[in-house]
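K.L.:
Sharing a structure, written as C-alpha cells. Questions coming.
In my numbering, the protein residues as written are 898 to 1000.
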C-alpha cells in the first residue's frame, strides 16, 4: 500500500532531486513526498498502474514537481496526459526546473 502523497517529484537527475528534497525538508514540506525517476513511473503512480496498481487513484498529490526532460516519457507528454484526464486535470503542476540550480 502506498502512503498518502502530497508532493510528487518526477525528476531523473539525482542531484537535482536531492537539492529539491533538501529545500522542501528545510521548510517542513517533504513528509509526504514521492520521488519517481521518469515520466512512465509518474504516470503509473497517478493512474494506479504498474508498480502502483491497486493504489486509490482518488488520493491525488496536492502538487506535482515535474522535470520536462525525462527518460521513457518526457514531461510534456506527462503533462498532456494529466491535463486530458478529468481525474487529474486539476492537480497543480510546477516545472521542476524552478527548483534546480541556476548558473
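Glycine included, each C-beta is placed from N, C-alpha and C at the ideal position. The structure displayed is predicted, hence computed values, not measured ones.
Pull up the distance between the alpha-carbon of residue 989 and that of residue 961, whole angstroms please.
P.N.:
Rounded to whole angstroms, residue 989 and residue 961 show a C-alpha spacing of 6 Å.
K.L.:
Which residue wins for smallest C-alpha separation from residue 903, given the options 987, 976, 971, 956?
P.N.:
956
K.L.:
Taking DSSP as the reference, what is the three-state secondary structure of residue 979?
P.N.:
helix
K.L.:
Can the beta-carbon of residue 935 be found less than 8 Å from the beta-carbon of residue 969?
P.N.:
Using a Cβ distance threshold of 8 Å, residue 935 and residue 969 count as a contacting pair.
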